[in-house]
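Structure first, commentary second.
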Amino acid sequence: METTQPMLMRALAARIKDEDVSYRTRLLERAAKLTDVIAMGRGDPDFHTPRHIAEAAKKAIDENQHHYTLPAGMPQLRSAIADHLASDFGLDYGQDEIIVTAGTQEAVMLCMLALVNPGDEVLMPRPRFTTYDTAVEMCGGVPVSVPTFEHDDFALMPAEIEKRITPRTRALVLVTPNNPTGAVTPPDRIREIADIARRHDIVVLSDEIYAKLIFEGSEHLSIATLPGMKDRTITLNGFSKTYAMTGWRIGYIAAPAPFIRKLIEPRHTLSINASTPSQWAALAALTGPQEPIQEMLRAYAERRAFMLPALRDLGFTCGNPAGAFYVYTNVEASGLSAPRFCERLLDEARVLVFPGTLFGDTDDRYIRLSLLQPMERMREAIDRIKAARDRIFVRPKA
Ligand SMILES: Cc1ncc(COP(=O)(O)O)c(C=O)c1O
Numbered sequence: 011m012e013t014t015q016p017m018l019m020r021a022l023a024a025r026i027k028d029e030d031v032s033y034r035t036r037l038l039e040r041a042a043k044l045t046d047v048i049a050m051g052r053g054d055p056d057f058h059t060p061r062h063i064a065e066a067a068k069k070a071i072d073e074n075q076h077h078y079t080l081p082a083g084m085p086q087l088r089s090a091i092a093d094h095l096a097s098d099f100g101l102d103y104g105q106d107e108i109i110v111t112a113g114t115q116e117a118v119m120l121c122m123l124a125l126v127n128p129g130d131e132v133l134m135p136r137p138r139f140t141t142y143d144t145a146v147e148m149c150g151g152v153p154v155s156v157p158t159f160e161h162d163d164f165a166l167m168p169a170e171i172e173k174r175i176t177p178r179t180r181a182l183v184l185v186t187p188n189n190p191t192g193a194v195t196p197p198d199r200i201r202e203i204a205d206i207a208r209r210h211d212i213v214v215l216s217d218e219i220y221a222k223l224i225f226e227g228s229e230h231l232s233i234a235t236l237p238g239m240k241d242r243t244i245t246l247n248g249f250s251k252t253y254a255m256t257g258w259r260i261g262y263i264a265a266p267a268p269f270i271r272k273l274i275e276p277r278h279t280l281s282i283n284a285s286t287p288s289q290w291a292a293l294a295a296l297t298g299p300q301e302p303i304q305e306m307l308r309a310y311a312e313r314r315a316f317m318l319p320a321l322r323d324l325g326f327t328c329g330n331p332a333g334a335f336y337v338y339t340n341v342e343a344s345g346l347s348a349p350r351f352c353e354r355l356l357d358e359a360r361v362l363v364f365p366g367t368l369f370g371d372t373d374d375r376y377i378r379l380s381l382l383q384p385m386e387r388m389r390e391a392i393d394r395i396k397a398a399r400d401r402i403f404v405r406p407k408a
C-alpha cells in the first residue's frame, strides 16, 4: 500500500507517541505570541541562582575545569552530596552510593532503565510529574495511578497504594512534597508506606527534589532512613528547585553501592557525565552559605499566604499545600473545564497557568499555579483575573 508519510515519520519507533507536541508546549507557544504575560505555569523559580554558585562555575571555566569527569560525577561533589544527605535528612550514604546526573530528570530515566522490564507495573501518585509515566512507558512498563484527593490535601494514602499492588508491581514512586499538589506525605504515613514496601517486597523511588521547601507546621521524613528501607530505596534529588538552578541541569541518585555501580554504564550512555562547570556550581551550592535558600523559602511562604485567600475569594477551592511552590486549585466555580479555563485566562488576562490534566489528573477541574512571580506580579495577576472575570467565567458569581 502506498503511503504519503515521509520516510522518517514512517521510521518512528512504537515508543514515540502519535500525538503532536503536548498541550503544555502548545500553551507555551500561545503565550509566546502575547506580551506582558504573567507566567505562573512552569516550575522554574523567578529567583536567579545565588551569585556565589554562578561565580564558582565561572572560576571553574577560567581554570579549564571543562573536561569530562568520571561518569558518576566528581568525587568531591559526590562526597558533598553524601554529607548534605546526612546532615539535612539523616540519610546514610557514602560517596560510592551517589551518582550525579543531568538533572533529576535524567535520574528518573536512568532508574526506570535499571528497574523496569516490559509489563512491570510502577505505582505513582495521581496527579504527578508525568515524566514518570513517559520514562516507565519507554521501558515497556505500565504506570499505575494511586489517586489523591483535595479533601485530604492530596496526601498519599497507604491503603490506596496497597489496594493496587499486584504480582507485577516493581516499584512505588513517592514524591514528597508532590508536584503539582504541594502535598507533603506526613512521617506516620511514610512509616506505613515503608511497611507496605517491606511486606510486598517492592522498591521505593523517593523523589525528594522539593524536600527543602517545606512550610511551617509540616515535616519531611526521608523513607530510606527507616529500618530496612535503605536496601530497597532509591533516593532522587537535585539542585533545580532548592537552589534556583533549573538550567544548570544537576541532579543525583543515592542508593546502595552495588546498585549505583550498575548504573554507571547506562549513565555513561545517556550523557557521559553531567556538565562539568555545573558540577562545580553544585559543589559551591552545597558547601557555601545556605541563607539564600531560607530567603527564597520565606518569599514562597509569603506568596502562598497571599495566594490561598485570593483564590478562595474568587470562589475557587484548594487543598493546603504544605511544601514546594505550587497551589493546586479547583476552578469548577468558573463553569469551565481546567484546560478551557487556562486558555481563557491566558487570552483574557494574560496569566499563564497549567491544567491538572497535564499532570495525569483524570479530574479536569484543577489548575496548577506556581508561586514563582514576585509579590507585585502575583497581586497584578489576581487583579487581572478579577477584571476579566465576567469574560472568563461562564458561571455567574454566587
Ligand atoms: C517531582 C519532580 N521530579 C523531577 C523533576 C526534574 O527536575 P530537574 O531535572 O530540573 O532536576 C521535576 C521538575 O519539575 C519534578 O517536579
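Using this note's numbering, read the sequence shown as starting at 11 and increasing by one per residue. All C-beta atoms in this analysis are idealised placements derived from N, C-alpha and C, irrespective of residue type, glycine included.
Return helix, strand or coil for residue i, following the three-state DSSP convention.
i           : result
residue 326 : coil
residue 131 : strand
residue 186 : coil
residue 346 : coil
residue 181 : strand
residue 313 : helix
residue 286 : helix
residue 32  : coil
residue 365 : strand
residue 271 : helix
residue 150 : coil
residue 20  : helix
residue 217 : strand
residue 380 : strand
residue 92  : helix
residue 136 : strand
residue 339 : strand
residue 228 : coil
residue 157 : strand
Can you round the beta-carbon distance between residue i and residue j to whole angstroms, since I take them to be within the 8 Å contact cut?
i           : j           : result
residue 185 : residue 217 : 4 Å
residue 359 : residue 228 : No, residue 359 and residue 228 are not in contact; Cβ-Cβ is about 31 Å, not under 8 Å.
residue 283 : residue 80  : 7 Å
residue 306 : residue 57  : 5 Å
residue 270 : residue 107 : 6 Å
residue 397 : residue 192 : The pair is not a contact, with the Cβ atoms about 27 Å apart (cut-off 8 Å).
residue 34  : residue 368 : 5 Å
residue 344 : residue 403 : 5 Å
residue 235 : residue 101 : 6 Å
residue 124 : residue 276 : 7 Å
residue 338 : residue 164 : 6 Å
For residue i, tell me which candidate among the options has the shortest Cα-Cα distance.
i           : options            : result
residue 141 : 183, 343, 47       : 183
residue 374 : 390, 190, 342, 400 : 342
residue 95  : 263, 323, 372      : 263
residue 381 : 256, 200, 312      : 312
residue 281 : 290, 117, 388      : 117
residue 70  : 338, 310, 291, 388 : 291
residue 128 : 113, 29, 146       : 146
residue 172 : 156, 259, 122      : 156
residue 258 : 287, 278, 213      : 287
residue 349 : 98, 210, 363       : 363
residue 265 : 82, 32, 52, 252    : 82
residue 87  : 249, 211, 137, 54  : 249
At least 3 beta-carbon pairs within less than 8 Å: the region 301 to 318 vs the region 149 to 164: No: the two stretches stay apart, fewer than three of their Cβ pairs being nearer than 8 Å.
With three or more beta-carbon pairs closer than 8 Å as the criterion, would you say the region 60 to 67 touches the region 298 to 308? With the cut-off at 8 Å, the region 60 to 67 and the region 298 to 308 touch.
Hey, is the region 128 to 138 in contact with the region 166 to 181, meaning 3+ C-beta pairs nearer than 8 Å? A contact exists between the region 128 to 138 and the region 166 to 181.
Is the region 162 to 172 close to the region 38 to 51, with three or more CB pairs under 8 Å? Taking a cut-off of 8 Å on C-beta distances, the region 162 to 172 does not touch the region 38 to 51, as fewer than three cross pairs fall below it.
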